[in-house]
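Here the structure is laid out as C-alpha cells; the discussion comes afterwards.
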Ligand code: ARG
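Numbering (our numbering), first residue to last: 6 to 586.
Listed below in C-alpha cells is the structure:
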C-alpha cells in the first residue's frame, strides 16, 4: 500500500490507494475489509472506504511528536567511531585509511534516516579509480561522486562498507613515464604536484615517441622489468605512485570523500593471475590464438577477450579476475560493487562471467553500477584535464555569481571557503540530479545558479534554516532534544504548509530505503529538492519572529527538524551543508 498525496490535505487525512496488482480480491472489497478490521491507534483515528481508496484520519499531534522526536536525537560519528567501521574489515591496516573529517560523516547508527536492513553485511564499494599519469576524466569524476554516495547509502542502510580506490597504476604507460622522466623529470616538481608533473612528462615523451620508436622499445623493456620485480624499476614506479596518492588524497579531502584502501592494478599479484589462468584452462572456454590466450564467451552472448598477451605480460581483465579473487580471500565480502562508466559494460560482464564459470559462488554477489557520459566537461576556456581545474573553475564561477549581489556578498564571512563549497556542491548535484545512466551536458551557468534544482539552491535552503535558529529572538529557545516532545505544543502546527513539511520529513527513512533498491542518487536529490520547495514557500506563512511564544517554539522545532533532515540528505550525497554564507 502506498501512502498518497502528502500535504495536499488540510484535514489530517492520508489517502491510500489499494493497488490492483498482487491482490486476490477486488480493491473495493479490500478497502471494505480494511475498514471493518480497523482499530483506532495512537496515530490513526479512523478510516473510511471510498471505492478503491481508503481515507485514513491521522492523529496529527501524535504523529508530529513521533516524527519530530526521532529527528532530533541524531548525532554524528566521531573520527574514532569511524575507525571501528574500518576495523570491521580486520586485516586492513588503519594507517592506510583516510578518515572522514570530524562532524562530516554520516549519521550515527540509529540516526533518523538510517536502518539496519543491511544487517552488518560487508560490502566493498570500488569507485573513482583514476589512472596515474593520465587525465582524470569525466568518467572518473562521476565514479567518484556516485561511488562515494553509494558507500554512504549502504552505510545508512546498515552495511559495513569498505571504500576502495582501484588505481590504474600498472602497465606500459609506466615504462613510457620512466623514459620520459629521465629526459624531462624534476624531483622538485614531482614533490610539489606529482599528478600534474607526471602528466606533463607523459605528454612530452609521447610526442617524442611519435617519431622515435626506440622510446617505446625502452618503455616495454621497463615494464617487463617492473613485472619481473626489478628493484630499480619498481622503486621508481613506487615513487610515482606514492606521490600521486598524496595529491589525490588532497583533492578527495576537498570533495569530502575518502577511501579505506588505495588498491590498484599493481596490487594484484602475478601469482594469483597465473593461478586464475590455470584454473580457467579447466573450464573449456580458453583457447590459444596467435600465441595469446583468449576466452571465448560466445555461448554467453559476450565477445571473446584476450586474457594473456603474446609476450606473456598481463592484461586489464586478468588483473580484475585475480584481483576479485584476492579481495574475496582477504575480506570475505558479502557483496562487491564496481562503480564504473557504462563504456566498460562489456568488460565487467566478461570478467563477472569468467569468475562465475570458474565456479566461485560469490561471483553472483558482484554488481556493476554504471552511468552515462558527460559532454563538455572542461573549463570555460576549454582546458581542463584534471579534476582540480574543474573544482577551481566552479569556485571562481560561484564567486562571480555571489559578487553579483553586492549586499549579500558583503555579508559573507569567508567568501573563499563558501565559494569553494558551493562550487563543489554545484558539480556534485548536477551529476546526481538525473538518472545515472543518462548522459548530461556540463553547464556552468545552470549548475551554479541559486535558482532551479541546483546544488547552490540546496545550500541556500540549508543556510536559511540554520539562520532561523541563530537569528531568532533570544527568549525563544528550544529545550534540549529529549524534552521537546513534552515541552512543545505541536498541535499549534495546523497550517497545511506545516503539515506538508512534516509529512515530507516522515518520508525520509523510506526514501533512504528505496534509494538502496534503485542505487540512484537522484532518489535522494529529488527528495531534498521537494523538501526545499516546501520550506521556501513556508517562510511567509510560518513566521517565527513576532509570534506568540508557544507558536514560535512549535515552528522553530519544525524548522530545526527540517534542517536536520535536509542536512542528513545532503551528507548522504557527500555534500557539506553550510551553516552560513
Ligand atoms: N582505471 C580504470 C579506467 O580508468 C577504471 C577501473 C575500473 N575498475 C575495475 N575494477 N576495472 O578506465
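Virtual Cβ for every residue (Gly too), placed ideally from N, Cα, C.
These figures come from a predicted structure and were not determined experimentally.
Helix, strand or coil for residue 58? Go by DSSP, reduced to three states. strand
Between residue 48 and residue 38, how many whole angstroms is the CB-CB distance? I'm expecting something under 8 Å. Incorrect: roughly 21 Å between the Cβ atoms, too far for contact.
I'd like the list of long-range same chain contacts for residue 199, defined as Cβ closer than 8 Å, with 5 residues on each side in sequence excluded. 245, 248, 249, 251, 252
Is there at least one non-hydrogen atom of the ligand ARG closer than 7 Å to the beta-carbon of residue 582? no
Buried or exposed by the 16-neighbour rule on C-beta atoms within 10 Å, applied to residue 108: Note that residue 108 scores a pLDDT of 39, beneath 50, so its modelled location is shaky; the value from the coordinates is reported in the next line. It is exposed - the Cβ of residue 108 has fewer than 16 other Cβ atoms within 10 Å.
Secondary structure of residue 343, DSSP reduced to three states: strand
Nearest to residue 463 by CA position, among 435, 375, 264, 22, is which residue? 435
Let me confirm a value: residue 569 is counted as buried when at least 16 other C-beta atoms fall within 10 Å, else exposed. Which label applies? buried
Determine whether the beta carbon atoms of residue 327 and residue 278 lie at a separation below 8 Å. yes
Mark residue 157 as exposed unless 16 or more other C-beta atoms lie within 10 angstroms of its C-beta, in which case mark it buried. buried
Please state the DSSP three-state secondary structure of residue 369. helix
Pairs of beta-carbons, one from the region 210-221 and one from the region 258-274, closer than 8 Å: are there three or more? no
Whether residue 383 touches residue 400 by CB criterion (8 Å): no
Around the C-beta of residue 416, are 16 or more other C-beta atoms found within 10 angstroms, so that it is buried, or is it exposed? exposed
Local conformation of residue 269 per DSSP, three classes: strand
What does the alpha-carbon distance come out to for the pair residue 282 and residue 577? 40 Å
Name the DSSP bridge partner or partners of residue 380? 446
I'd like to confirm something about residue 164: is its beta-carbon nearer than 7 Å to some heavy atom of the ligand ARG, or not? no
Sorry if obvious, but does the Cβ on residue 589 come closer than 7 Å to a heavy atom of the ligand ARG? Shown here, the chain extends from 6 to 586; a query on residue 589 therefore has no answer.
When the distance is taken between beta carbons, is residue 256 closer than 8 Å to residue 393? yes
Taking 7 Å as the cut-off, does the CB of residue 51 come closer than this to any heavy atom belonging to the ligand ARG? no
Is the separation between the beta-carbon of residue 353 and that of residue 345 shorter than 8 Å? yes
Does the beta-carbon distance from residue 339 to residue 127 come in below 8 Å? yes
Answer yes or no: do residue 470 and residue 571 have a C-beta to C-beta separation smaller than 8 Å? yes
Assuming residue 437 and residue 526 are in contact, meaning their beta carbons sit under 8 Å apart, how far apart are those beta carbons, in whole angstroms? 4 Å
Helix, strand or coil for residue 310, going by three-state DSSP, please let me know. strand
Suppose the cutoff is 6 Å on Cβ atoms and the five residues either side in sequence are ignored; what does the same chain contact list for residue 370 look like? 340
Quick check on the DSSP output: the beta strand (DSSP E) that includes residue 478 runs from which residue to which? Element bounds for residue 478: n/a, residue is neither H nor E.
Give me whichever residues DSSP pairs with residue 168 in a beta bridge. 130
Per DSSP, which one or two residues make a beta bridge with residue 293? 298
Let's see if you can read the secondary structure: which residues bound the alpha helix (DSSP H) around residue 396? 392-408
Output yes or no for whether 8 Å exceeds the beta carbon distance between residue 23 and residue 336. no
Can you tell me whether residue 412 is buried or exposed, with buried defined as 16 or more other CB within 10 angstroms of its CB? exposed
What residue range is occupied by the uninterrupted alpha helix (DSSP H) comprising residue 70? 65-76
Using only the heavy atoms of the ligand ARG, determine whether one of them is closer than 7 Å to the beta carbon of residue 145. yes
Considering residue 515, what are the terminal residues of the alpha helix (DSSP H) in which it resides? 501-523
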